[in-house]
Amino acid sequence: MKVKRFAWSSLIRSLAWLSLIAAFVIGQIGTRPDYEALLASHFPEATLTPYSGEGDGPRVFEFSNRQQGEPEVVILGQGDGYGGPMTVAITASRTATGARTHDVLLLADTETPPYIERLKKKHFFRQLANRSVTDDFLLDTDIDSYSGATITARGVSQAMRASLHLGAMTHLGLPATWTPDPWALGWDELGMLLLVAASIVVSMGSKHRFSRLLKTLLPLVSLLFVGFYTNASIGIGSISSIVLGYIPSVKQHPLWWILMGAILVGIVLLGRNVYCHKLCPFSTVQSLLTKVTGLSMKAPTVLIKHARSLILGLIWGSLMLILLSRHPSLGSYEPFSMMFALEGVGMQWYILPLSLFGAAFIPDFWCRYFCPVGLTINESVKLRRKAVNRAKAWHHSRRIEVQCDSGIPSPTHKGGSHGKTSA
163 MKVKRFAWSS LIRSLAWLSL IAAFVIGQIG TRPDYEALLA SHFPEATLTP
213 YSGEGDGPRV FEFSNRQQGE PEVVILGQGD GYGGPMTVAI TASRTATGAR
263 THDVLLLADT ETPPYIERLK KKHFFRQLAN RSVTDDFLLD TDIDSYSGAT
313 ITARGVSQAM RASLHLGAMT HLGLPATWTP DPWALGWDEL GMLLLVAASI
363 VVSMGSKHRF SRLLKTLLPL VSLLFVGFYT NASIGIGSIS SIVLGYIPSV
413 KQHPLWWILM GAILVGIVLL GRNVYCHKLC PFSTVQSLLT KVTGLSMKAP
463 TVLIKHARSL ILGLIWGSLM LILLSRHPSL GSYEPFSMMF ALEGVGMQWY
513 ILPLSLFGAA FIPDFWCRYF CPVGLTINES VKLRRKAVNR AKAWHHSRRI
563 EVQCDSGIPS PTHKGGSHGK TSA
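Heads up: the sequence shown is residues 163 to 585, going by my numbering.
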């Protein structure tokens, strides 16, 4: 009699899911930002009291012990960055010509640190000081943006617009003289749409000459545009931000929606992975390295055998950090910011050289054995195909049942009413 082996894989899978659910709940309960404590740390000598006439306006705190020339209030505003919500603190005062800002502080954010550092090095926040609260605060209109951190800069400007303009109307009774929220659509978004369309054409596997040309050019264009120009690579942080409910505005962040929408369309409608090897710039980097060295070595058997388990383990560890902290960039280990923005944090300093070294010898080294996005998309495609096949099988069985009930011979039978099955 055979003794059944204990299903360790099922137990590990169940514990992994339970731990992720627990991390999500703990993160939602325990990591809500305490804005009053954050303000106290930035203004240690000030006495801040909630503004009594706040009403439906933004959150405002008054400086009770302010000196002459110091700001009267601090206003909190929230916008959407690439990693999630960002909260700014804006100090302001009333003047003879209307309320004006003093300073702008980034109070809390979920962005990848290099993007914030890039804005600070470029003195982005200085241009937001000593401005009228009724200014437009629009990127490339009355605020300068910086390449490589445009989405983060847009999140800051969005937070300022939302809070200052609402405060101007509710607290000061000022008319809305500023430009309404525009759609952030430009050449970048058009370029991304064209790349997505090209990736869909290539994914369909057409034998047309034009499709073959696209297949050759698309990875190189994606490397330059998605990687170095827009720095909009999709990572585990982008996917986990959806789980946390960090869904950026379509109006302000269309690039995010174009890329994520393309992945979703590929999975649901086409049953294909339209991102990896087409839009992912790091995949192109690996391919170029392999072509330069001319090597195509086989990975160690142990790595090949346990590759899926290794990636799942990395995803689990990454998601645990992200869900507990509610900070998508904390669990992101992909080397994309190091590669394309020349700035990284933590493990990325070690992961990038190791992944590049591996790709010089083993084709698609990162994609096959470490990438969380590739595995997530491919597993989603497999689930979609299974669901479609089951739906087709169910529909086929139902059709046969209906035919049998109505006396119509099954298509698997021959000879009419004789009921003889074919050999």
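In this text, a Cβ means the ideal position worked out from N, Cα and C, and glycines have one as well.
The straight-line gap separating the alpha-carbon atoms of GLY335 and PHE225 is approximately 21 Å. Each residue's CA atom was taken as its position, placing GLY241 and HIS370 some 45 Å apart. PHE225 sits in a strand when the DSSP states are folded into three classes.
Shown here, THR392 sits in coil according to DSSP, grouped into three states, outside any helix or strand.
Leaving aside the five residues that flank LEU180 on each side, none in its chain has a CB nearer than 7 Å to its CB. DSSP, reduced to helix, strand and coil, places GLY239 within a strand of the structure shown.
Taking every protein chain shown into account, the CB of ASN292 has fewer than 16 other CB atoms within 10 angstroms, so this residue is exposed. The beta-bridge partner set that DSSP reports for VAL250 consists of GLY239, LEU268.
Take the alpha-carbon of LEU545 and the one of GLY433: they are about 9 Å apart.
In the DSSP assignment, PRO212 falls within the unbroken beta strand (DSSP E) covering 210-212.
Between the alpha carbons of PHE532 and LEU465 lies a distance of about 10 Å. Within the same chain, and ignoring the five residues on either side of SER307 in sequence, the residues whose Cβ sits closer than 6 Å to its Cβ are LEU301, ALA315. By the 16-neighbour rule on beta-carbons within 10 angstroms, GLY231 is exposed. Residues of the same chain with a CB within less than 8 Å of the CB of TRP418, apart from the 5 flanking positions on each side, are TYR244, ILE313, ALA394, SER400, PRO410 in chain order. Membership of ARG288 in any alpha helix (DSSP H) is not indicated, and neither H nor E is assigned to it by DSSP.
DSSP, reduced to helix, strand and coil, places LEU301 within a strand of the structure shown. Ranked by how close their Cα comes to the Cα of LEU472, the residues ALA311, LEU537, MET354, GLU505 have LEU537 in first place. Considering only THR455, PRO534, HIS558, the residue with the shortest C-alpha distance to PHE519 is THR455. For the pair ALA185 and LEU514, the CB atoms are not nearer than the 7 Å cut-off. DSSP places THR263 within a strand segment (E or B) once states are collapsed to three. Residue pairing by DSSP puts SER255 in a beta bridge opposite ARG262.
ASN435 counts as buried, since at least 16 other C-beta atoms from the protein chains shown sit within 10 angstroms of its C-beta.
For TYR512, the enclosing alpha helix (DSSP H) has its first and last residue at 510-521. Taking 7 Å as the cut-off, the beta carbon of PRO381 is found no closer than this to the beta carbon of THR303. Close CB contacts of PHE223 within its chain, under the 7 Å cut and outside five residues either way in sequence, are with LEU201, LEU210, THR211, PRO212, TYR213, VAL235, VAL236 (chain order).
Judged by beta-carbon spacing, VAL363 lies within the 7 Å limit of LEU376, meaning their Cβ atoms are closer than that value. Look at SER494 here: in three-state DSSP terms it is coil, with no helix or strand label. Comparing alpha carbon positions, the residue from THR263, MET366, THR257, ARG256 closest to VAL250 is THR263. Look at SER487 here: in three-state DSSP terms it is helix. Taking TRP345 as the centre and dropping the five residues before and after it, the same chain places the C-beta of LYS413 closer than 6 Å to its C-beta, in chain order. Between THR332 and GLY192, the CB-CB gap reaches or exceeds 7 Å. A direct Cα-Cα distance of roughly 20 Å separates PRO416 from ASP298.
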